[in-house]
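Asker:
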Amino acid sequence: MSYHVNERGYYGDFGGAYIPEMLYPNVEELRQQHLAVMQEESFQSEFKQLLKDYVGRPTPLYFAERLSSKYNTKIYLKREDLCHTGAHKVNNTIGQILLAKRLGKNRIIAETGAGQHGVATATVCALMGIKCIVYMGAIDIERQAPNVARMKMLGATVIPATSGSKTLKDATNEAIRDWINNPTDTHYIIGSVVGPHPYPDMVARFQSVISEEIKTQLLEKEGTENPNYIIACVGGGSNAAGAYYHYLDTEDVGIIAVEAAGKGINSGESAATSALGKTGIIHGSKTLLMQTTDGQITEPYSISAGLDYPGVGPMHAHLFTSGRGEFISITDSEAMEAGLELSKLEGIIPAIETSHALAVFKHKNFKKDAITVINLSGRGDKDLNTYIDYFNL
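Using this note's numbering, the first residue of the sequence shown is number 3, and each one after it goes up by one.
1) H86 to S345, Cα distance in whole Å?
2) When you compare each of H365, T356 and E67 to A116 by their alpha carbons, which one comes out closest?
3) Return the CA-CA distance between D371 and D296, expressed in angstroms with no decimal places.
4) Output the boundary residues of the beta strand (DSSP E) element that contains E261.
5) Report the rounded CA-to-CA distance for P229 versus P185, giving the unit in angstroms.
6) Could you tell me whether the Cβ atoms of L347 and L69 are closer together than 7 Å?
7) When DSSP labels each residue in this structure, what does Y73 get in the three-state scheme?
8) Could you tell me the alpha carbon to alpha carbon distance between M130 and S269, rounded to whole angstroms?
9) Am I right that V205 and R104 are in contact with their C-beta atoms under 8 Å? What's the rounded C-beta distance?
10) Can you tell me whether DSSP reads N367 as helix, strand or coil?
11) Keeping to the same chain, check which residues put their C-beta closer than 6 Å to that of A445; ignore five residues upstream and five downstream.
12) Using the Cα positions of A173 and G286, report the straight-line distance between them to the nearest angstrom.
13) Below 7 Å between beta carbons: does that hold for K384 and Q146?
14) At a cut of 8 Å, does the stretch 312-327 reach the stretch 45-59 through at least three beta carbon pairs?
15) Helix, strand or coil: which one does DSSP assign to M3?
16) My parser needs the beta strand (DSSP E) runs of 3 or more residues fully inside the stretch 96-125; what are they?
17) So what does L79 bridge to, in DSSP terms?
18) Taking S287 as part of the beta strand (DSSP E), name the residues at either end of that continuous run.
19) Do you know how far the Cα of A66 is from the Cα of G349?
20) Could you have a look at S331 and say whether DSSP puts it in helix, strand or coil?
21) Which residue's Cα is closest to the Cα of Y247: G237, I233 and E42?
22) In whole angstroms, what is the alpha-carbon distance linking H36 and A19?
23) Which ranges does the alpha helix (DSSP H) cover as unbroken runs of at least 4 residues, wholly within the stretch 121-164, from first to last along the chain?
24) List the whole-angstrom C-beta distance separating I305 from T388, where the pair is believed to meet the contact cut-off of C-beta under 8 Å.
25) Could you tell me which residues DSSP puts in a beta bridge with G282?
26) Could you tell me which of G97, I354, K72 and A112 sits nearest to S42, measuring between CA atoms?
27) Can you give me the C-alpha to C-alpha distance between G282 and T75, rounded to a whole angstrom?
28) Run the CB neighbour count on P200, radius 10 Å, all protein chains shown included, and call it buried at 16 or more, exposed below.
29) Between F393, V362 and N241, which lies nearest to Y73 when the distance is taken from Cα to Cα?
30) If you run the structure through DSSP and keep just helix, strand and coil, what is G17?
31) Using 7 Å as the threshold, is the C-beta distance between V195 and M317 below it?
32) Buried or exposed: D391, going by 16 or more other Cβ atoms within 10 Å of its Cβ?
33) Please name the residue or residues paired with I233 in a DSSP beta bridge.
34) Which partner residues of H189 appear in the DSSP bridge assignment?
35) Nearest-angstrom Cα distance between P302 and M338?
36) Relative to the alpha-carbon of P352, which residue among D83, D254 and Y190 has its alpha-carbon at the smallest distance?
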């Protein structure tokens with residue numbers, strides 16, 4: 003069995019393009035042209051140069067000696083937090099802005115939760131001199147104020163989503179409405195492996211530079227390309243998809259996905275899709291999502307804006323239902339303590355999204371000689387106010 007997308011845009015039973023008729027021309031143009039453009043020699047040359055000289059790749063694969071000693075196993079951190087803009091998100095936005103230029107688009111829209119994708123999109127639009135509009139939930143605008151300021155400094159227009167839970171789901175709804183109304187000149191840069199085909203596959207391909215580098219770096223450090231486990235947090239799932247990509251069909255490598263349990267899986271305030279979700283349609287894709295018995299989407303909750311999403315990308319839905327991936331749910335308090343622990347043990351303040359992945363060592367024991375790689379998807383600067391309030395610093 004392959005865990006990559008098939009020719010129809012599905013991962014097992016999940017994926018596809020479930021879109022309104024008015025959105026069909028936009029998605030179909032992308033579906034027909036994205037692979038051909040991405041395979042052009044000039045595209046690959048410009049993409050790789052920008053990743054190297056602008057983003058700062060390859061990012062280090064750092065052996066976390068003190069963390070490893072505490073949990074009696076070998077722990078490596080893939081330092082995506084050291085990318086320009088502070089998170090892995092820029093890998094994808096660099097790729098999509100180059101694609102948009104080649105498709106003749108002169109207006110970019112995006113959605114954002116924690117603000118990392120919004121900042122990354124605003125950054126590449128500034129770099130290329132293209133108009134940028136970012137939709138963001140009104141609640142997320144309040145709790146991620148530094149990233150909102152960054153987007154505005156970069157020249158982007160930030161539009162609050164004031165419907166529903168006023169978070170990432172609602173920002174995505176607003177962005178889709180914009181795209182329907184502006185089908186000719188606008189490209190929608192989706193920030194995660196969600197949405198209608200080809201977005202989940204396209205974003206995963208741009209983020210696959212992460213696992214490609216891990217293989218090379220691990221060979222240099224450990225004499226093998228393959229870790230025993232690769233671990234990442236999952237909201238929509240873009241950093242996880244990038245970290246897993248070159249290991250999806252290597253079943254000797256254990257895949258661990260960490261979701262946000264919020265205040266507890268059964269508390270009514272959670273974003274743990276694998277535990278609480280069932281098959282449905284969200285934002286143009288068939289996947290697992292949290293919903294009521296009559297199919298209404300359940301409002302998610304997480305202390306982490308980037309994991310505050312009621313669904314999960316179709317790749318991850320397939321990994322969960324097939325058993326290829328092990329899914330673990332982490333509460334707000336467990337994540338916050340894990341973030342503080344990494345700060346004190348390794349001198350690295352992680353994004354709260356990443357802190358969920360770091361909390362896995364409280365739930366699972368690994369063998370002493372096991373090699374474990376955690377994708378450190380972003381840095382905690384943007385979350386400093388949340389850390390200050392939570393720990394009364």
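Heads up, the beta-carbon is just placed ideally off N, CA and C, and yes, glycines get one too.
Just so it is clear, the structure is predicted and the values come from calculations on it, not from any experiment.
Answerer: In this structure, then:
1) 20 Å
2) T356
3) 48 Å
4) G256 to G264
5) 44 Å
6) yes
7) helix
8) 45 Å
9) Actually they do not touch by this definition, with Cβ atoms about 17 Å apart.
10) coil
11) In the structure as shown, the chain begins at 3 and stops at 395. Residue 445 is therefore absent and cannot be evaluated.
12) 15 Å
13) yes
14) no
15) coil
16) 109-114
17) Y64 and I376
18) S287 to L291
19) 10 Å
20) strand
21) I233
22) 15 Å
23) 140-145 and 147-155
24) 7 Å
25) T289
26) Just to set this straight, residue 42 is Glu in the shown sequence, not Ser. Ranking G97, I354, K72 and A112 by Cα distance to E42 puts G97 first.
27) 39 Å
28) buried
29) V362
30) strand
31) yes
32) exposed
33) I258 and I376
34) I110
35) 18 Å
36) D83
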